[in-house]
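J.: Same order as they appear, the protein sequences are chains A and B. The opening residue of the first sequence carries number 1 in our numbering; numbering runs sequentially from there. The opening residue of the second sequence carries number 347 in our numbering; numbering runs sequentially from there.
2 protein chains.
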Amino acid sequence: MERDNKQIVLKSYINGSPLETDMELKLGNRIKVEAPKGSNGVLVKNLYLSCDPYMRGRMLDFHDSYIPPFSPGSVIEGFGVSKVVDSDDPNFKRGEFVTGLTNWEEYTLILNTSQLRKIQQHDHGIGIPLSYHIGLLGMPGFTAYAGFYEVCAPKKGDYLYVSAASGAVGQLVGQLAKLHGCYVVGSAGTTHKVQLLKNKLGFDEAFNYKEELDLEAALARYFPQGIDIYFDNVGGSMLDAALANMRAHGRIAVCGMVSQNSRTDKQSFRNMFGVISKRITIKGFLQSDFIQLYPRFLEDITGYYKEGKIVYIENMNDGLESAPAAFVGLFSGKNVGKQVIRVGSE
Amino acid sequence: MERDNKQIVLKSYINGSPLETDMELKLGNRIKVEAPKGSNGVLVKNLYLSCDPYMRGRMLDFHDSYIPPFSPGSVIEGFGVSKVVDSDDPNFKRGEFVTGLTNWEEYTLILNTSQLRKIQQHDHGIGIPLSYHIGLLGMPGFTAYAGFYEVCAPKKGDYLYVSAASGAVGQLVGQLAKLHGCYVVGSAGTTHKVQLLKNKLGFDEAFNYKEELDLEAALARYFPQGIDIYFDNVGGSMLDAALANMRAHGRIAVCGMVSQNSRTDKQSFRNMFGVISKRITIKGFLQSDFIQLYPRFLEDITGYYKEGKIVYIENMNDGLESAPAAFVGLFSGKNVGKQVIRVGSE
């Protein structure tokens, strides 16, 4: 059986911020909805696709990073939740739901099935939305979990600040920190997001960084005692402002630099000397280095969610054709919560 | 018995780089060469005074650091090696040598004797110069020891780069790293220093950073495989260049920022994104946080020195009046090795 297969293709490597016109919707070749014998692959129908800031790095013509760039003219690759339509891998059966790397298209033949995780039906049954497997229970959730517990060295009573706090990672960092007994302040870029942080996500305080002329002064207002942990999703001037407000022996987990348009944007710091005088640790990390903790993460976070201890906010857009705009919107803060594209029905 | 007591006084808080004219030689009041009964203090004759870059921070009108600023009009305080002339503390006897915080003057009444360390005569006897107790066996040596072993997480075979490599701290970092089985490259600011690094201090390679137009390219030349450990004494553009050349999971121990004229000089970085992609740890430290290791440090380094495994280069200037110029020279790299002022004879 052959089907049409719409795809989102990267037209060429980007310069600076990604634009919708850097990508295009293509019809693609008609695809045989089967996993060829001997391929050991699975043919999946993609249901939800994940828009993640790290993907911007794969749109650059830079081949020396931890993950190779996309190829111009090729379909964009990313995390997704998919349904197995046909399988040549005995570990996966038709009708099962899986999550892992797939393509921004309707149907994908996934040959590297070892990176797929089967979504247990009973999890789905007890009320965890399928799409959460690319958010709360996927890479962004695991980034928050590994970053908070393994990089931040959190203690009860610590003062924690997280930027991009309502995003896919930040919202979970703040909630985990609250469960750990930290005092938690987050920043975001709209009044609506600030309200969500305080009212729905349980942050102690939150502020709109776009309304602050002086980020150092803003942080000093929210942290008169100083910051023990800064979970940094944005880099640049916010990182500098945090440096000025860190306490002695403070920890900065550097998770993202969404404020930076390129790998080599100049970032200016006035407060770098504080790294010495306050014995600050700045530590960059990738969730993939902690992958041995993934089973524990799934168990912990599934448990917290079932017990009603955490919530998760998604920004769901409909249709593969909405993906380029949704992706680009990540970098101007258009999304409220984890950005997901719904491309197919279950 | 009263004596004249020449002193070096800080005239006023500095702006930017310290100048000789920020300090002045004063005759001071005549001093009674005795430790008053009931003072529990010791009256010492100062023999060697230490010029250390951290003292610049105490010349600034900034009261929120780990150590309070000097008071304008007062005698400068710093580490020294001194001889006890009179004692009201039963732990110290006339004629003994001590090291610790003293003043930039000929005679000092030290009331806080708990911070003094007695120099064992037999150490002195077996050929360790007294002045080494403010260098190799003093704060700078301990900074190198604690920074290398406790902050850098060194492994045999690691590629280590140290800036200001012929200085009081850098020269020991490089030698300890060689003993640990690392590949060691240092940078310094003159051909003479580069020769010392290679020929006397046993570095694998060394270069004159002032002759390099492109620091990133220079480091790439000396570390084609990349840098595992950067022991940073200078900050600024060298730190940025090192970031570009770090390997995955690299460690940067931030010990000093001698290139920066003030606490809030703007430092620009183009390579900060590497902190994430290469999972770099940047860690500032102060030796004082590791003080419990001091006894082990003294034993280890004394042992290495006696066995001929390490050497130590000093820049000795004569006379208290030479102190301001010697101190200022630290920041233009005039010193070759640890800068010491000889103010009295043993």
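Note that beta-carbon positions come from the ideal geometry of N, C-alpha and C, so glycine has one too.
According to DSSP, is A:R221 helix, strand or coil?
T.: Start at 1 with the first residue of the first sequence, and residue 221 of chain A comes out as number 221. Three-state DSSP puts A:R221 in a helix.
J.: Please report the straight-line C-alpha distance between A:V84 and A:A323, rounded to a whole angstrom.
T.: Here residue 84 of chain A refers to the residue found at position 84 of the first sequence. Here residue 323 of chain A refers to the residue found at position 323 of the first sequence. Answer to the nearest angstrom: the Cα atoms are 22 Å apart.
J.: Taking only runs of the beta strand (DSSP E) that begin and end inside the stretch 247-274 of chain A, which ones reach a length of at least 3 residues, in chain order?
T.: 267-269
J.: Taking the alpha-carbon of A:K283 as reference, which of A:L130, A:F231, A:E96 has the nearest alpha-carbon?
T.: Position 283 of the first sequence, counting from 1, holds the residue named residue 283 of chain A. Ranking A:L130, A:F231, A:E96 by Cα distance to A:K283 puts A:F231 first.
J.: Kindly indicate which three-state DSSP category B:M405 falls into: helix, strand or coil?
T.: Locating residue 405 of chain B in the second sequence gives position 59, where the first residue counts as 1. In the structure shown, B:M405 sits in coil (DSSP, three-state: anything other than H, G, I, E or B).
J.: Answer yes or no: does any C-beta atom of chain A fall closer than 8 Å to that of B:D664?
T.: Sequence index remark: in the second sequence, residue 664 of chain B carries index 318 (1-based). Taking Cβ atoms only, chain A never reaches closer than 8 Å to B:D664, which makes this a no.
J.: Work out the CA separation of A:V44 and A:R94 for me, nearest whole Å.
T.: Working through the first sequence from its first residue, we reach residue 94 of chain A at position 94. Working through the first sequence from its first residue, we reach residue 44 of chain A at position 44. A straight-line Cα-Cα distance of about 9 Å links A:R94 and A:V44.
J.: So which of A:V258, A:I119, A:E212 has the shortest CA-CA distance to A:F327?
T.: Here residue 327 of chain A refers to the residue found at position 327 when the first sequence is read from its first residue. Minimum Cα distance to A:F327 is reached at A:V258.
J.: At the 8 Å Cβ level, is A:S277 part of the contact set with chain B, yes or no?
T.: As a first step, residue 277 of chain A must be located in the first sequence, where it is residue number 277. In terms of beta-carbon proximity, A:S277 lines the interface with chain B, with at least one pair separated by less than 8 Å.
J.: Taking the CB atoms as reference points, tell me whether A:L176 and A:F148 lie closer together than 8 Å.
T.: Within the first sequence, numbered from 1, the residue matching residue 176 of chain A stands at position 176. Within the first sequence, numbered from 1, the residue matching residue 148 of chain A stands at position 148. Yes, these two residues count as a Cβ contact at 8 Å.
J.: Is the beta carbon of B:V355 less than 8 Å from the beta carbon of B:Y394?
T.: For this step, residue 355 of chain B is matched to residue 9 along the second sequence. For this step, residue 394 of chain B is matched to residue 48 along the second sequence. Going by C-beta atoms, B:V355 is not nearer than 8 Å to B:Y394.
J.: Compare the C-beta of A:Q260 against all C-beta atoms of chain B and say whether one is closer than 8 Å.
T.: Translated into the one-based positions of the first sequence, residue 260 of chain A becomes position 260. Yes, A:Q260 lies at the interface with chain B (some Cβ there is under 8 Å from its Cβ).
J.: Let me see if you follow: with CB-CB separation under 8 Å, is B:F631 close to chain A or not?
T.: By 1-based counting over the second sequence, the position of residue 631 of chain B is 285. Closer than 8 Å: yes.
J.: Going by DSSP in three states, B:T536 sits in which element: helix, strand or coil?
T.: Locating residue 536 of chain B in the second sequence gives position 190, where the first residue counts as 1. Three-state result, B:T536: coil.
J.: 8 Å is my cut-off, CB to CB: does A:V85 come that close to chain B?
T.: Within the first sequence, the letter at position 85 stands for residue 85 of chain A. No, no contact with chain B.
J.: Compare the C-beta of B:K684 against all C-beta atoms of chain A and say whether one is closer than 8 Å.
T.: If you number the second sequence from 1, residue 684 of chain B lands on position 338. So no, B:K684 is outside the interface.
J.: Does the Cβ of A:N5 have 16 or more other Cβ atoms within 10 Å, making it buried, or fewer, making it exposed?
T.: The residue you call residue 5 of chain A lines up with position 5 of the first sequence. Buried: at least 16 other Cβ atoms inside 10 Å.
J.: In chain order, what residues of the same chain have a beta carbon less than 7 Å from the beta carbon of B:G362, not counting five sequence neighbours either side?
T.: Residue 362 of chain B sits at position 16 when you count from the first residue of the second sequence. Result list for B:G362: N607, S608, in chain order.
J.: Using a C-beta to C-beta distance shorter than 8 Å, which residues of chain B count as neighbours of A:G235?
T.: Locating residue 235 of chain A in the first sequence gives position 235, counting from the first residue. Correct list: M618, F619.
J.: Give me, in chain order, the residues of the same chain whose beta-carbon lies closer than 6 Å to that of B:F549; leave out the 5 immediate sequence neighbours on both sides.
T.: For this step, residue 549 of chain B is matched to residue 203 along the second sequence. So the qualifying residues of the chain are G520, V530, G532, L543.
J.: Scan the stretch 280-330 of chain A and note each continuous beta strand (DSSP E) run of 3 residues or more that stays entirely inside, going in chain order.
T.: If we require 3 residues or more, the beta strand (DSSP E) runs fully inside the stretch 280-330 of chain A come out as 281-284, 314-318.
J.: Could you check whether the Cβ of B:V427 sits closer than 8 Å to any Cβ belonging to chain A?
T.: In the second sequence, residue 427 of chain B corresponds to position 81, counting from 1. Not an interface residue.
J.: For B:K502, count neighbouring C-beta atoms within 10 Å of its own C-beta (all shown protein chains included) and say buried if the count is 16 or more, exposed if not.
T.: Locating residue 502 of chain B in the second sequence gives position 156, where the first residue counts as 1. Flag for B:K502 reads exposed.
J.: A:Y132 versus chain B: which residues are under 9 Å apart at the beta carbon?
T.: Taking the first residue of the first sequence as 1, we reach residue 132 of chain A at position 132. Chain B residues near A:Y132: none, gap ~25 Å exceeds 9 Å.
J.: Grab me the residues of A:E105's own chain with a C-beta within less than 6 Å of its C-beta, minus the 5 sequence neighbours each way, in chain order.
T.: The count along the first sequence starts at 1 and reaches residue 105 of chain A at position 105. Here the set comprises N5, Q7, V75.
J.: Measure the CB-CB distance between A:F79 and A:S39 and report whether it falls below 8 Å.
T.: In the first sequence, counting from the first residue as 1, residue 79 of chain A sits at position 79. In the first sequence, counting from the first residue as 1, residue 39 of chain A sits at position 39. No.
J.: Taking just the CA atoms, how far does A:E34 sit from A:Y145?
T.: Taking the first sequence and counting its residues from 1, one reaches residue 145 of chain A at position 145. Taking the first sequence and counting its residues from 1, one reaches residue 34 of chain A at position 34. When rounded, the distance between both Cα atoms is 37 Å.
J.: Going straight from the alpha carbon of A:L320 to that of A:V340, what length do you get?
T.: In the first sequence, residue 320 of chain A corresponds to position 320, counting from 1. In the first sequence, residue 340 of chain A corresponds to position 340, counting from 1. Straight-line Cα distance between these residues: approximately 10 Å.
J.: Are the beta-carbon atoms of A:G41 and A:L109 separated by less than 8 Å?
T.: For the purposes of this step, residue 41 of chain A is identified with residue 41 of the first sequence, where counting begins at 1. For the purposes of this step, residue 109 of chain A is identified with residue 109 of the first sequence, where counting begins at 1. Yes, the pair counts as a contact, with Cβ atoms nearer than the cut-off.
J.: Could you tell me which residues DSSP puts in a beta bridge with B:D578?
T.: Sequence index remark: in the second sequence, residue 578 of chain B carries index 232 (1-based). The partner list for B:D578 (beta bridge, DSSP) reads B:V600.
J.: Could you round the C-beta distance between B:N591 and B:L565 to whole angstroms and report it? I think they count as a contact, below 8 Å.
T.: On the second sequence, position 245 is the one that residue 591 of chain B refers to. On the second sequence, position 219 is the one that residue 565 of chain B refers to. Correct: roughly 4 Å between the Cβ atoms.
J.: Whose Cβ in chain A lies nearer than 7 Å to the Cβ of B:T693?
T.: The structure shown has nothing for residue 693 of chain B, since chain B only spans 347 to 692.
J.: Distance check for B:E370 and B:N458, CA to CA, integer angstroms please.
T.: Along the second sequence, read from residue 1 onward, the residue named residue 458 of chain B stands at position 112. Along the second sequence, read from residue 1 onward, the residue named residue 370 of chain B stands at position 24. For B:N458 and B:E370, the distance between alpha carbons rounds to 26 Å.
J.: Return the first residue and the last residue of the beta strand (DSSP E) that A:Y48 is part of.
T.: On the first sequence, residue 48 of chain A is found 48 positions in, with the first residue counted as 1. 42-50 is the span of the beta strand (DSSP E), which, as asked, contains A:Y48.
J.: Assuming A:L101 is part of the beta strand (DSSP E), what are its boundary residues?
T.: Counting from one through the first sequence, the residue named residue 101 of chain A turns up at place 101. A:L101 -> beta strand (DSSP E) spans 97-103.
J.: Below 8 Å CB to CB, which residues in the same chain sit around A:D89 once its five sequence neighbours on both sides are set aside?
T.: The count along the first sequence starts at 1 and reaches residue 89 of chain A at position 89. Cβ neighbours of A:D89 beyond the five flanking positions: A35, N40, G41, V42, T113.
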